[in-house]
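**Q** For any residue, its number in our numbering is found by taking its place in the sequence shown, counting from 1, and adding 13. We treat Cβ as the ideally placed atom computed from N, Cα and C, and that holds for glycine. The model shown is predicted, which means the values in this text are computed figures rather than measured ones.
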Amino acid sequence: MKDSVIKTLIGSIAGKRFQNIGYMPRWIVFLIDVFIVLIASLITYVIVSSLTVSFYDNLNMPVRYLLIILVNAVFFGFYRTYSGIIRHSTFIDGVKLLISTTTSFSALLIINYSWQIIFGQKLFLSTGLFISYVISFLMLFLFRIMVKHVFERYMNVEDKRKLINTMIYGADANAISVANALRTEVPARFRLKGFVDKFHHDKTSKRILNLPIINQNKKIHVILRAMKAEALIIAEKSLTKDETVAIVEECLEYNFKVFTVPLITDWEDQQQISKKVKNFEIEDLLGRKPIVLHMDRISAEHKGKTVLITGAAGSIGSEIVRQVLRFAPRRVIMLDQAETPLHELGLEVNPIRNRAEITSMLADIRNLDALEHIFETFKPDVIYHAAAYKHVPLMEDNPYQAVCTNVIGTRNIADLALRHNAERFVMVSTDKAVNPSNVMGASKRIAEKYVQSMQFRLNGSGSGQTKFMTTRFGNVLGSNGSIVPLFTKQIQEGGPLTITHPEIIRYFMTIPEACQLVLEAGTMGKGGEIFIFDMGEPVRILDLAKKMIRLAGFIPNKDIEIKVIGLRPGEKLYEELLNDTSRTLPTHNDQIMIAQDEVEDYADIRAAIDQLAENLKEISKEEIVYRMKKIVPEFKSMNSIFENLDIPGPATV
14 MKDSVIKTLI GSIAGKRFQN IGYMPRWIVF LIDVFIVLIA SLITYVIVSS
64 LTVSFYDNLN MPVRYLLIIL VNAVFFGFYR TYSGIIRHST FIDGVKLLIS
114 TTTSFSALLI INYSWQIIFG QKLFLSTGLF ISYVISFLML FLFRIMVKHV
164 FERYMNVEDK RKLINTMIYG ADANAISVAN ALRTEVPARF RLKGFVDKFH
214 HDKTSKRILN LPIINQNKKI HVILRAMKAE ALIIAEKSLT KDETVAIVEE
264 CLEYNFKVFT VPLITDWEDQ QQISKKVKNF EIEDLLGRKP IVLHMDRISA
314 EHKGKTVLIT GAAGSIGSEI VRQVLRFAPR RVIMLDQAET PLHELGLEVN
364 PIRNRAEITS MLADIRNLDA LEHIFETFKP DVIYHAAAYK HVPLMEDNPY
414 QAVCTNVIGT RNIADLALRH NAERFVMVST DKAVNPSNVM GASKRIAEKY
464 VQSMQFRLNG SGSGQTKFMT TRFGNVLGSN GSIVPLFTKQ IQEGGPLTIT
514 HPEIIRYFMT IPEACQLVLE AGTMGKGGEI FIFDMGEPVR ILDLAKKMIR
564 LAGFIPNKDI EIKVIGLRPG EKLYEELLND TSRTLPTHND QIMIAQDEVE
614 DYADIRAAID QLAENLKEIS KEEIVYRMKK IVPEFKSMNS IFENLDIPGP
664 ATV
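#1: For the alpha helix (DSSP H) containing Glu332, name the first residue and the last one.
#2: Which two residues bound the contiguous alpha helix (DSSP H) that contains Thr423?
#3: With 16 as the cutoff for other CB atoms within 10 Å, does Asp309 come out buried or exposed?
#4: Given a cut-off of 8 Å, decide if Ile459 and Val645 are closer than it, judged by their beta-carbon atoms.
#5: Output the boundary residues of the beta strand (DSSP E) element that contains Glu370.
#6: Would you be able to state if there are at least three C-beta pairs under 8 Å between the stretch 628-648 and the stretch 553-572?
#7: Spell out the partners DSSP gives Asp349 in its beta bridges.
#8: What residue range is occupied by the uninterrupted beta strand (DSSP E) comprising Gln229?
#9: Pick helix, strand or coil for Ile654, following the three-state DSSP scheme.
#10: Less than 8 Å between the beta carbons of Gly583 and Val405, yes or no?
#11: Could you compute how far the alpha carbon of Ala369 sits from the alpha carbon of His162?
#12: Output yes or no for whether 8 Å exceeds the beta carbon distance between Val274 and Ala248.
#13: Three or more C-beta pairs closer than 8 Å, one from the stretch 460-468 and one from the stretch 608-619: is that the case here?
#14: Would you report the Cα separation of Ile578 and Ile512, rounded to the nearest angstrom?
#15: Apart from the five residues just before and just after Thr483, which ones in its own chain have a Cβ nearer than 6 Å to its Cβ?
#16: With distance defined between alpha-carbon atoms, name the residue in Lys643, Ala608, Gln604 and Ile496 nearest to Asp617.
#17: Rounded to whole angstroms, what is the Cα-Cα separation between Val147 and Ile45?
#18: Have a look at Thr323 and Gly540 and give me their C-alpha separation to the nearest angstrom.
#19: For Ile667, which residues in the same chain have their Cβ closer than 8 Å to its Cβ, ignoring the five residues on either side in sequence?
#20: Grouping DSSP H, G and I as helix and E and B as strand, with all else coil, what is Tyr95?
#21: Where in the stretch 451-534 do unbroken runs of the beta strand (DSSP E), each at least 3 residues long, occur, reported from the N-terminal end onward?
#22: Excluding the 5 residues flanking Gln624 on each side, which residues of the same chain have their C-beta closer than 8 Å to its C-beta?
#23: Measure the CB-CB distance between Leu360 and Ala326 and report whether it falls below 8 Å.
#24: In angstroms with no decimal places, state the Cα-to-Cα distance between Ser139 and Tyr78.
#25: How many Å lie between Asp3 and Leu490 at the Cα?
#26: Can you tell me whether Asp255 is buried or exposed? The criterion is at least 16 other CB atoms within 10 Å of its CB, across all chains shown.
#27: Please say whether Ser145 and Ile81 have beta carbons closer to each other than 8 Å?
#28: Residue ranges of each alpha helix (DSSP H) run of no fewer than 4 residues wholly in the stretch 108-184, ordered along the chain?
#29: Could you tell me the alpha carbon to alpha carbon distance between Ile575 and Lys502, rounded to whole angstroms?
#30: Can you find the residues in the same chain that come closer than 7 Å, C-beta to C-beta, to Phe269, ignoring five residues on each side of it along the sequence?
#31: Lys270 lies in the beta strand (DSSP E); which residues open and close that run?
#32: Give the straight-line distance between the Cα atoms of Pro599 and Met606, rounded to the nearest whole angstrom.
#33: Our contact map puts Gly535 next to Arg437 with C-beta atoms below 8 Å; I'd like the distance itself, whole angstroms only.
#34: What's the call for Thr8, buried or exposed, on a 16-neighbour Cβ count within 10 Å?
#35: Here's a check: name, in chain order, each residue in its chain whose Cβ is nearer than 7 Å to the Cβ of Glu656, leaving out the five neighbours to either side.
#36: Specify the secondary structure class of Ser442 as computed by DSSP and reduced to three states.
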């Protein structure tokens, strides 16, 4: 016990001293190299003296060895062998030493034989030069290896207990590159214990980098426990998405940390490799099929055109801006009422202004005069309408704002799109518009009805060229105010994570996925469609919370508590993508379907919205919600003060 304490204390002191050592000046490294050549020459002299040969005596001994040192010193300077930081020496430094000492040996041989031609006698024994060359290189190389080893072994002595015992999944070139990078990382994060290889079936013991290769003939968690590892880094490039998710799920279930790393090229800097080892994100565990887009068609619909994106500063709108810019539009108009986020988006996309003219317009979609000016000035060809209020509890308290923005604001944009002959109008909607249980969802459903009815009015009248479409999808991971950023913040604060109900489930999609499908749907639409997206399997929010806690390296309800706080006003247990009476039609993209909802008559829905907007400032919240329920009979309030306003009809789930 006493010895271990003393050892730890000494190690700690040594570690701190090493940490405080700066880089050695280059001239000192140069002098050390010269001194090593001197030592090598003396060793050579001793070796040659013991042989039955005699030295040439045309120059005295000190002068001859001074010439050897000078020649080596010249080539040390020429090849700058002293310029590398010794504690970070790499294979390249060894090669430079080999080239330098070989060149010196060659130069000395040339001098030696030239001297013989001129004066009839050699300066050196050729055997002695070769022995000196070999010893010099070995000592120079050994010196660097020893310094590097000492620093790697003792520099972070005090942090050894903090290193994570880790296995690497994979044993190919990618995995070896990762292992090499992590072993040279300063400061170190991982202590590598070995490799797990699903392709290694040889029963003989094999090693890479002096680390064992373990055949995956057992469950991953069993192997990790047997190797006393705390974490797994997945570096196997041949794993499918499903295989990767299965490994991550197993590690999380048994409280092992799991990390991922992108594919590594052989010529990439190792320090860059080590920095790319990162925690799995919850997005990586969605297990969704990769989205395949018809890029040529999307490009053709945007190239050289003026594209207007409302709500451009939001999480969905800003991603649509980024993706639209890839297709070389003539102009992109970013419209939003949020000044600071719009300014920040402008700064972000400013470096790629060569792809399109980018205009930021600060305006509220409720202000018809401001919108009229924008449409008259820019004449947009394609419109992506993403501006909306979306937070369910807030809209329950503020139905006036929900109607003004989500309903009347949408009507303003749609009317102007038709009046100014825009080619396409694509509205971004939500699954909360399906059998709505809250004000926000109902407001979006009314907007859907209006947009869809406009298309069928055009079809009937034969006037106007605008194609009106709606896209409908579920929750977007990482969007402003969504559950994932909230859980992340709560984990950083030490918990608790708050969920509203242990059985609540939601569909999830990443922001780029959602926006890619919006572009695809908007391109394929012929007008009047409500496109719904394949959201994958629904996720139980309780399971999501547990996974995020485990991904952060904690144990649910031990390190961080999960607290159930009850359903919020207007919140459902289960979200839906279709109304009870709806059917779907497939499209050429199997991740996009068309919902066949009943289409409202344009004149009727227009009159209903006019009635909803009448005296809107003067009437009560209850009256506003009651009018909304008349337009959307399937709107049944849940866990809300508006439940008593429900219009009798079939109950929804």
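**A** On the basis of the data shown:
#1: For Glu332, the uninterrupted alpha helix (DSSP H) run begins and ends at Ser328 to Val337, by DSSP.
#2: For Thr423, the enclosing alpha helix (DSSP H) has its first and last residue at Thr423 to Arg432.
#3: Classification of Asp309: exposed, given that the 10 Å Cβ count is below 16.
#4: It is a contact, given that the beta carbons lie within the stated cut-off.
#5: Residues Glu370 to Leu375.
#6: Counting Cβ pairs under 8 Å, fewer than three are found: no touch.
#7: Leu375, per the DSSP bridge assignment.
#8: For Gln229, there is no enclosing beta strand (DSSP E), as DSSP gives it neither H nor E.
#9: In the three-state reduction of the DSSP assignment, Ile654 falls in the coil class, being assigned neither a helical nor a strand state.
#10: Closer than 8 Å, so yes.
#11: Roughly 54 Å separates the two Cα atoms.
#12: Yes, Cβ-Cβ distance for Val274 and Ala248 is below 8 Å.
#13: Contact holds: three or more Cβ-Cβ distances are below 8 Å.
#14: In a straight line, the C-alpha of Ile578 is about 6 Å away from that of Ile512.
#15: Hits under 6 Å: Met440, Ser442, Glu461, Val464 and Ile543.
#16: With distances taken between Cα atoms, Asp617 lies closest to Lys643.
#17: Taking C-alpha positions only, Val147 is separated from Ile45 by approximately 17 Å.
#18: Rounded to the nearest angstrom, the two C-alpha atoms are 20 Å apart.
#19: No statement about residue 667 is possible, as the shown extent of the chain runs from 14 to 666 and does not include it.
#20: Correct three-state label for Tyr95: coil.
#21: Fully contained in the stretch 451-534 are the following beta strand (DSSP E) runs of length 3 or more, in chain order: 480-486, 488-490, 510-512 and 521-523.
#22: Here the set comprises Arg640.
#23: Pairing Leu360 with Ala326 gives a Cβ-Cβ distance that is not under 8 Å.
#24: Approximately 14 Å between the Cα atoms of the pair.
#25: Nothing about residue 3 can be reported from this structure: the residues present for the chain run from 14 to 666 only.
#26: Flag for Asp255 reads exposed.
#27: The criterion of a C-beta distance shorter than 8 Å is satisfied by Ile81 and Ser145.
#28: Segments of the alpha helix (DSSP H) lying fully in the stretch 108-184: 139-167.
#29: CA-CA distance, Ile575 to Lys502, rounds to 14 Å.
#30: Result list for Phe269: His234, Leu237, Glu243, Ala244 and Leu245, in chain order.
#31: For Lys270, the uninterrupted beta strand (DSSP E) run begins and ends at Lys270 to Thr273, by DSSP.
#32: Here the C-alpha atom of Pro599 lies approximately 5 Å from the C-alpha atom of Met606.
#33: For a cut-off of 8 Å, the C-beta gap from Gly535 to Arg437 is around 6 Å, short enough to register as a contact.
#34: Outside the displayed span of the chain (14 to 666) sits residue 8, for which this structure offers no information.
#35: Answer for Glu656: Ser650, listed in chain order.
#36: In the three-state reduction of the DSSP assignment, Ser442 falls in the strand class.
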